[in-house]
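Engineer:
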Amino acid sequence: MISKSKKYFTIFGILAATVDKKMQSFNCMIDAILHSSKPRITKILLAKELKPINLDSTNKI
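The working numbering numbers the first residue of the sequence shown as 4 and each following residue consecutively.
1. Three-state secondary structure (DSSP) at F15?
2. Indicate the three-state DSSP secondary structure (helix, strand or coil) for K51 in the structure shown.
3. Would you report the Cα separation of P42 and N30, rounded to the nearest angstrom?
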């Protein structure tokens, strides 16, 4: 006896697919923003680079 199982879309399956598409959209949007802002962010970080403290001048008696 061959049983034919009918496959239906479940509410959960439709919801998961919709959420997946939305998350991909947000990820692409964030990636595009970071990609376009990367040179500016790098420039700001290099300008605020921390410099080492000269310990020789503070230890003199």
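Backbone N, C-alpha and C define an ideal beta-carbon position, used for all residues, glycine too.
Structural biologist: If we stick to the structure as given:
1. helix
2. coil
3. 20 Å
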